[in-house]
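Residue 796 is where the sequence shown starts when you use the working numbering, and the numbers rise one by one after that. Where a beta carbon is used, it is the ideal one built from N, C-alpha and C, also for glycine. So the structure is just underneath, and the comments pick up after that.
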Amino acid sequence: MAVAKKEVVSESEELLKKQLQDLQEQIALMMKVQNSQKPQKEIIDGDRDVFVVSLVRGFLNLSTEGDGKGYIYKFEHFGEEIAIRYSDLKLVVKSNRKMINKGRFYIYDEEFIEQQRLKQAFDKILSKDEMEALYSKPKKEFTKIFSKMIPSQQGMFIALLIDTMRDGNEVDANIVQVVSEEIGKNIYDMVKESKLYAKLKGE
């Protein structure tokens, strides 16, 4: 009887060892599959499009190699949106870092911004929607936001404001007053000059 019991125990141990070995092999296979799939994300990212918006009122060129070299993405006006391939945009960012810091364009892709470590730079600039929303802000809130804008975006907002008023669109007088006081110039006078300049150009 004692011998039979020993044989049963041995069979149980062997079965457990076999199950453990099978489990280890399955885990190793899963890890191998998982590791082989990691580069795939880069391939997908490299192929997908990321939307970029111009934040300047005129022409804006973004090149993949800088200094007008490589492939050039051309924007013609403020708010124009272009889909740029992920891999190209990485090159654009690398070659045009100063333009990002000056708020010349905006990337509408939080994942890209996070992966390329651009969050700190984009936290300082306003998007197209945020800039357009300034027109409808109460005076106190507008003053607070405008005073904290980086100088280059302040200048761009002023240029857009003048264009908006020159084209006959109504703008809150409080906003015009705040901007005039901030820059030490009369916006209404600047609008008149802009109209005169446009007339001379035949626009």
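DSSP state of R880, grouped into three classes?
Sequence index remark: in the sequence shown, residue 880 carries index 85 (1-based). Reduced to three states, the DSSP call for R880 is strand.
Hey, how far is the Cα of R1050 from the Cα of Q948?
The chain is shown only over 796 to 998; residue 1050 falls outside these bounds and no answer can be derived.
Evaluate N964 with the Cβ neighbour count: other Cβ atoms within 10 Å of its Cβ, from every protein chain shown; 16 or more gives buried, anything less gives exposed.
The residue you call residue 964 lines up with position 169 of the sequence shown. Exposed, because fewer than 16 other Cβ atoms sit within 10 Å of the Cβ of N964.
With burial defined as no fewer than 16 other Cβ atoms inside 10 Å of the residue's Cβ, what is the status of F941: buried or exposed?
In the sequence shown, counting from the first residue as 1, residue 941 sits at position 146. That one is buried.
Hey, which unbroken runs of the alpha helix (DSSP H) at 4 residues or more fall wholly within the stretch 878-957?
Correct list: 881-890, 892-896, 905-910, 914-917, 923-928 and 934-943.
Looking only at its own chain, which residues have a Cβ that is under 6 Å from the Cβ of K869, when we skip the five neighbours before and after it?
As a first step, residue 869 must be located in the sequence shown, where it is residue number 74. Excluding positions up to five away in sequence, the list reads N856.
Please state if the CB of K932 and the CB of I879 are separated by a distance shorter than 9 Å.
Within the sequence shown, residue 879 is the residue found at index 84, counting from 1. Within the sequence shown, residue 932 is the residue found at index 137, counting from 1. Taking 9 Å as the Cβ cut-off, I879 and K932 do not qualify as a contacting pair.
At the level of alpha carbons, what is the spacing between L886 and E905?
Counting from one through the sequence shown, the residue named residue 886 turns up at place 91. Counting from one through the sequence shown, the residue named residue 905 turns up at place 110. So the alpha carbons of these two residues sit roughly 17 Å apart.
Name the two residues that bound the continuous beta strand (DSSP E) containing V974.
Taking the sequence shown and counting its residues from 1, the one referred to as residue 974 is at position 179. Unbroken run through V974 is the alpha helix (DSSP H), A968 to I978; no beta strand (DSSP E).
Taking the DSSP output, what are the residues bridged to N981?
Mapped onto the sequence shown, residue 981 falls at position 186. Looking at the DSSP assignment, N981 forms no beta bridge with any residue, so it has no partner.
As a quick exercise: from I953, N981, S989 and T938, pick the residue whose alpha carbon is nearest that of R961.
Taking the first residue of the sequence shown as position 1, residue 961 is located at position 166. Residue S989 is the option with its Cα nearest to R961.
Would you identify the three-state DSSP class for E837, choosing helix, strand or coil?
In the sequence shown, the residue the question calls residue 837 occupies position 42. Caution is warranted here: a pLDDT of 48 is assigned to E837, below 50, making its placement in the model unreliable, and the coordinate value is therefore given only provisionally. Helix.
In this structure, what does DSSP give as the bridge partners for D844?
Within the sequence shown, numbered from 1, the residue matching residue 844 stands at position 49. Answer is R880.
Report all residues from its chain with a CB closer than 6 Å to the CB of E876; omit the five preceding and five following residues, and keep chain order.
Along the sequence shown, one-based indexing puts residue 876 at 81. Result list for E876: F846 and V848, in chain order.
For L818, does the three-state DSSP call read helix, strand or coil?
Position 23 of the sequence shown, counted from the first residue, corresponds to residue 818. Helix.
Comparing alpha-carbon positions, which option in Y930, K919 and E820 lies nearest L956?
By 1-based counting over the sequence shown, the position of residue 956 is 161. Ranking the options by Cα distance to L956, first place goes to Y930.
Considering only their Cβ atoms, is the gap separating F873 from K923 smaller than 9 Å?
Walking along the sequence shown from the start, residue 923 turns up at place 128. Walking along the sequence shown from the start, residue 873 turns up at place 78. Yes, these two residues count as a Cβ contact at 9 Å.
Note down, in chain order, each residue of its chain lying with its Cβ closer than 6 Å to the Cβ of F907, except the 5 sequence neighbours on either side.
Counted from its first residue, the sequence shown places residue 907 at position 112. Hits under 6 Å: V845.
Determine the contact status of M951 and R852, defining contact as a CB-CB distance below 9 Å.
Taking the sequence shown and counting its residues from 1, the one referred to as residue 951 is at position 156. Taking the sequence shown and counting its residues from 1, the one referred to as residue 852 is at position 57. A contact, by the Cβ cut-off of 9 Å.
So, I953 versus V974, is the Cβ gap smaller than 9 Å?
On the sequence shown, residue 953 is found 158 positions in, with the first residue counted as 1. On the sequence shown, residue 974 is found 179 positions in, with the first residue counted as 1. Yes, these two residues count as a Cβ contact at 9 Å.
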